[in-house]
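Please read the structure below before turning to the comments.
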Amino acid sequence: MLQDSIKENDPMKVGRFVLGFKSVLHMTDLPSLLSGNRHFIIDPHEKYFRVKGNLTSGYTWNLATQKREVSRLEHQFDPYRGLFNCSQKCFDKDSFDGTMFRFPIRQKASPLSDHVYTHKKVM
Numbered sequence: 002m003l004q005d006s007i008k009e010n011d012p013m014k015v016g017r018f019v020l021g022f023k024s025v026l027h028m029t030d031l032p033s034l035l036s037g038n039r040h041f042i043i044d045p046h047e048k049y050f051r052v053k054g055n056l057t058s059g060y061t062w063n064l065a066t067q068k069r070e071v072s073r074l075e076h077q078f079d080p081y082r083g084l085f086n087c088s089q090k091c092f093d094k095d096s097f098d099g100t101m102f103r104f105p106i107r108q109k110a111s112p113l114s115d116h117v118y119t120h121k122k123v124m
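First residue of the sequence shown? That's 2 in the working numbering, and the numbers climb one at a time after it.
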């Protein structure tokens, strides 16, 4: 996942040298986003998610069709609540009208980076 670029051979694409979104991996090990009826968590370490028994670099939940699984992961939505009109009502109606990114700050060295961030360093 970290070295791949599906845009590499298209000069009209932004981020074609794998420098776009992946730049957040300088400060986080588990970025996520909430957009419409989907919640995505990107796991570049391939540590947390399995699909058909194989570790994978991320996972996507559909808020509308995977209600049981989403309800088991309720705590994953806590960081979004209270921001930009995102409330429990959004999850009850299976959709957030917008897109929010979450970049939990790296607090200890990892295989991605040995750069550790503190609140003071970020502010």
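Just so you know, even glycine gets a beta-carbon here, dropped at the ideal spot from N, CA and C.
For cysteine 104, name the three-state secondary structure that DSSP assigns. Checking the displayed sequence, the identity of residue 104 turns out to be phenylalanine instead of cysteine. Phenylalanine 104: coil per DSSP, three-state reduction.
Hey, would you say phenylalanine 85 sits closer than 7 Å to proline 32, going by beta carbons? no
Presumed contact (8 Å Cβ cut-off) between histidine 120 and histidine 27, rounded CB distance: With 8 Å as the limit, histidine 120 and histidine 27 do not qualify as a contact, their Cβ atoms being about 17 Å apart.
Return helix, strand or coil for lysine 122, following the three-state DSSP convention. helix
Which listed residue (Asn55, Gln108, Ser72 and Leu35) has its alpha carbon closest to that of lysine 122: Gln108
Give a yes or no on contact between the stretch 61–76 and the stretch 85–102, applying the rule of three or more CB pairs nearer than 8 Å. yes
Using three-state DSSP, classify leucine 34 as helix, strand or coil. strand
Of the listed residues Asp44, Gln77 and Arg69, nearest to serine 172 (C-alpha basis): Because the chain in this structure spans residues 2 to 124, residue 172 falls outside the shown range and cannot be described.
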